[in-house]
Structures are given as structure tokens and as C-alpha cells.
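Asker:
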Amino acid sequence: MRRRKHKQVRRALRFYRIQHGFRAPFKVLADGNFINAVSVLRNGDPTELLSELLGDKVRVFTTPCVMHEVRKMGNELSKARDACRRLALHHCGHEETTKLPAAECLAQQIGEV
Numbered sequence: 001m002r003r004r005k006h007k008q009v010r011r012a013l014r015f016y017r018i019q020h021g022f023r024a025p026f027k028v029l030a031d032g033n034f035i036n037a038v039s040v041l042r043n044g045d046p047t048e049l050l051s052e053l054l055g056d057k058v059r060v061f062t063t064p065c066v067m068h069e070v071r072k073m074g075n076e077l078s079k080a081r082d083a084c085r086r087l088a089l090h091h092c093g094h095e096e097t098t099k100l101p102a103a104e105c106l107a108q109q110i111g112e113v
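Read in order, the letters of the sequence shown correspond to residues 1 to 113 in the UniProt record's numbering.
1) What span of residues does the alpha helix (DSSP H) with residue 79 cover, start to end?
2) Is the beta carbon of residue 70 sitting closer than 9 Å to the one on residue 28?
3) In whole angstroms, what separates the C-alpha of residue 80 from that of residue 49?
4) Keeping to the same chain, check which residues put their C-beta closer than 8 Å to that of residue 44; ignore five residues upstream and five downstream.
5) Comparing alpha-carbon positions, which option in 58, 86, 35 and 42 lies nearest residue 102?
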């Protein structure tokens with residue numbers, strides 16, 4: 001099962017490298033739910049786990065809107081909040097007064113797919 005999953009990941013990466021010119025270090029935008037799942041369930045650093053999965057260097061980013069949303073969730077996501085602080089910050093351009101939900105902010109940063 002694990003070998004099959006890694007083979008599928010390698011194939012998908014090869015497709016994106018050829019078709020879209022992706023190259024290492026891969027830049028990954030992460031939201032609060034992903035960071036929470038990695039920090040609580042896997043007890044690890046998101047950067048290390050993603051680089052192991054993708055087989056190359058990875059830079060994991062988060063946005064101020066994601067940080068704001070994780071802070072609003074309270075003590076439930078304290079591990080995710082600490083993990084978010086350790087990640088690099090991608091400035092999304094949203095003002096402090098006009099913070100968007102994390103999903104909308106990340107969708108705007110990625111653009112049309």
C-alpha cells in the first residue's frame with residue numbers, strides 16, 4: 001500500500017514538473033487544519049513530513065489570515081498555533097481589519113487553477 005502511494009506521488013510530481021515547470025524547493029501554502037493535523041496526529045514538523053513525501057526540499061508558508069483564524073479557535077489548536085509561528089509568513093495583503101477566512105485567503109493567493 002505504502003509503495004503504491006509513493007509511486008502515485010512520484011508520478012504526479014513528474015507531471016507537474018514537466019507540464020508546469022515546478023522545481024525544488026517546493027513552496028507549500030498551509031492552512032490551520034492541515035497544520036493541526038500534522039502537529040497533533042503525526043507529532044512532527046510539517047516541513048520535514050512534506051519533504052519526505054515529495055522527496056525534495058520544501059518551504060512551508062502560512063498567511064496572516066490563517067494565523068488569525070487559528071488564534072480565534074482558542075486553546076483547542078494550541079499546538080497548531082505554535083507550529084504556525086515557526087513557519088515562514090507569506091504576506092497576503094489583507095489588512096488587519098479585513099481578514100478573510102483562511103480558505104478564501106489561500107484561494108486568492110493560489111489564483112485560478
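Beta carbons are placed, not taken as given, at the ideal position from N, Cα and C, and that holds for glycine.
Answerer: In brief:
1) Residue 79 -> alpha helix (DSSP H) spans 78-86.
2) Cβ atoms of residue 70 and residue 28: not closer than 9 Å.
3) Residue 80 and residue 49: Cα-Cα distance of roughly 15 Å.
4) So the list reads 38, once near-sequence residues are dropped.
5) Checked all of 58, 86, 35 and 42; the closest Cα to residue 102 is 35.
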